[in-house]
Each structure stands twice: as structure tokens, then as C-alpha cells.
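Trainee:
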Amino acid sequence: MKKNVARGIVAAVLVGAGVWVGVNFASPLEAESNALTPGSAEDPVVTKSYVDALLGNNNGGSTGGGTTPAVDSQLEVVTVPAGKTLMAGQGTEVIVRVGKAIAYSSDASGIADLTGGTDLTKGKAVPTNHLLLFPRAGRGILPDPNQKNGLTVLVKGSYTLQ
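Remember, this note's numbering sits 145 above the position in the sequence shown when you count from 1.
See the structure below:
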């Protein structure tokens with residue numbers, strides 16, 4: 146009986162030692178044999194100028210997407226005088242910075258308030274500093290008739306003052 150217990154202990158020690166050796170020594174050796182050396186023929190180091198020249202992007206800007214930014218992709222500060230309406234084009238983004246604005250729509254649909262997660266229909270107050278998205282033309286914002294001054298807004302996209 147003591148002989149069987151001794152054999153069990155020896156077997157457990159040998160299995161434990163084998164597992165320990167396998168965990169500590171096999172994985173690093175295997176990982177190192179498959180590793181690529183940076184700068185070698187299999188994994189070359191390239192510069193940004195090389196990639197730009199390869200992609201034909203010689204203007205030094207971003208190489209992502211390969212498209213040039215639209216002219217109206219910049220935020221523009223626009224003052225909307227009292228009595229006028231800012232009519233936004235399709236896809237235009239507007240942020241009301243100064244003044245109280247009212248939503249305008251030529252149909253029953255409204256303006257997407259992306260910050261508040263709501264739909265602003267015609268006649269509703271537009272919260273200040275909320276990002277508005279105009280899904281199609283025929284919608285806009287106008288200053289609240291109860292205030293003397295107009296609005297100051299940030300606009301990204303096409304618009305007209307009417």
C-alpha cells in the first residue's frame with residue numbers, strides 16, 4: 146500500500162514538473178521563432194512620405210479614404226438677424242450659440258436634435274448648444290419673435306438666409 150502511495154506521489158510530481166516546464170519554456174521559444182524582425186524583408190519599416198507617394202497623396206495630408214474634404218465641411222459663424230430665417234440644406238448641421246431660436250419646417254416632419262435625442266417640429270424652441278441635423282431641405286431656424294436681437298449660430302453645410 147505504501148508502495149502505491151509513493152508511486153502516486155512520484156507520478157504527481159513528474160506531471161507537475163512537466164506542466165511547469167511546458168508552460169515556462171515552450172511558449173516563449175515558440176513565439177520567438179515566429180516573430181518578425183522589424184526592418185527585415187518580411188516586415189519592412191516605411192516612412193509616411195513613402196506611403197503618401199505610393200498612394201499618390203502628395204499634399205502631405207491624411208491618407209485615409211482618398212477623398213478630398215468638401216468646401217462646406219468647416220464650421221461657419223453665422224448671424225441671423227431678427228425677422229430672417231436660416232434655411233438649411235440637406236445634411237446641414239447647426240448649433241445655436243447665442244439667442245433663442247424656433248424650429249421651422251415646411252412640412253409635418255422636423256429637425257433632428259442629436260444632442261437631446263428628439264425631433265423638433267415647427268414652432269418648438271431650439272435648445273442652445275444642441276447639435277441639430279437637417280435631414281432635407283425646406284427646414285430651418287428663426288429667432289424667437291419675443292427677442293430684439295437675432296441669433297448667432299455655427300453652421301456646417303449649405304444654408305440661405307430668407
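All residues carry an ideal CB built from backbone N, CA and C; glycine is no exception. Please read these numbers as outputs of a predicted model, since none were measured by experiment.
Determine the burial state of Val160: buried for a count of at least 16 other Cβ atoms within 10 Å of its Cβ, exposed for fewer.
Mentor: Reading the sequence shown from its first residue, position 15 is the one you call residue 160. The residue is exposed, with fewer than 16 neighbouring Cβ atoms inside 10 Å.
Trainee: How would you label Pro288, buried or exposed, when you count the other beta carbons within 10 angstroms and need 16 or more for buried?
Mentor: Here residue 288 refers to the residue found at position 143 when the sequence shown is read from its first residue. Buried.
Trainee: I'd like the list of long-range same chain contacts for Gly283, defined as Cβ closer than 6 Å, with 5 residues on each side in sequence excluded.
Mentor: The residue you call residue 283 lines up with position 138 of the sequence shown. So the list reads Ser251, once near-sequence residues are dropped.
Trainee: For the pair the stretch 224–236 and the stretch 263–283, tell me if three or more CB-CB distances fall below 8 Å.
Mentor: Yes, since at least three Cβ pairs between the stretch 224–236 and the stretch 263–283 fall closer than 8 Å, the two stretches touch.
Trainee: Comparing C-alpha positions only, which one of Gly244, Val166, Val271, Ile240 sits nearest to Gly255?
Mentor: As a working note, residue 255 is residue 110 in the sequence shown. Considering only alpha carbons, the answer is Val271.
Trainee: Verify whether the separation of the beta carbon atoms of Leu296 and Ile286 is less than 9 Å.
Mentor: Taking the sequence shown and counting its residues from 1, the one referred to as residue 296 is at position 151. Taking the sequence shown and counting its residues from 1, the one referred to as residue 286 is at position 141. For Leu296 and Ile286, yes; Cβs fall inside 9 Å.
Trainee: Which same chain residues end up closer than 6 Å to Thr260 when comparing Cβ atoms and leaving out the 5 residues on each side of it in sequence?
Mentor: If you number the sequence shown from 1, residue 260 lands on position 115. Same-chain partners within the cutoff: His275, Leu276.
Trainee: Please state whether DSSP places Gly211 in a helix, a strand or coil.
Mentor: Counted from its first residue, the sequence shown places residue 211 at position 66. Confidence at Gly211 is low in this model, with a pLDDT of 48, below 50, so the placement of that residue should be treated as unreliable; the coordinate-derived value is given next. DSSP places Gly211 in coil when its eight states are reduced to three.
Trainee: If we cut at 9 Å on Cβ distances, does His275 have a partner in chain B?
Mentor: Of the protein chains in this structure there is only one, and it is not chain B.
Trainee: Run the CB neighbour count on Leu265, radius 10 Å, all protein chains shown included, and call it buried at 16 or more, exposed below.
Mentor: Counting from 1 along the sequence shown, the entry for residue 265 is found at position 120. The residue is buried, with at least 16 neighbouring Cβ atoms inside 10 Å.
Trainee: Compute the Euclidean distance between the alpha carbons of Gly163 and Ala156, then round it to the nearest angstrom.
Mentor: Position 18 of the sequence shown holds residue 163. Position 11 of the sequence shown holds residue 156. Cα to Cα, the separation comes out at about 10 Å.
Trainee: Mind checking Gly199: buried by the 16 CB within 10 Å criterion, or exposed?
Mentor: As a working mapping, residue 199 is identified with position 54 in the sequence shown. Sequence inspection shows Leu at residue 199; the Gly mentioned does not correspond to that position. It counts as exposed.
Trainee: Let me know if Ala246 comes out buried or exposed under the rule of 16 or more other beta-carbons within 10 Å of its beta-carbon.
Mentor: Within the sequence shown, residue 246 is the residue found at index 101, counting from 1. By the 10 Å Cβ count, Ala246 comes out buried.
Trainee: Run through DSSP, which three-state label would Val216 get?
Mentor: Within the sequence shown, numbered from 1, the residue matching residue 216 stands at position 71. Summary for Val216: the model assigns pLDDT 49, below 50, so the residue's position carries little reliability; its value from the coordinates is reported in the next sentence. Val216: helix per DSSP, three-state reduction.
Trainee: Measuring alpha carbon to alpha carbon, tell me which of Glu187, Ser303, Val190, Pro226 ends up nearest Val243.
Mentor: Position 98 of the sequence shown, counted from the first residue, corresponds to residue 243. Nearest option by C-alpha distance: Pro226.
Trainee: Distance check for Leu231 and Ile240, CA to CA, integer angstroms please.
Mentor: Here the question's residue 240 lines up with position 95 in the sequence shown. Here the question's residue 231 lines up with position 86 in the sequence shown. One C-alpha to the other measures close to 12 Å.
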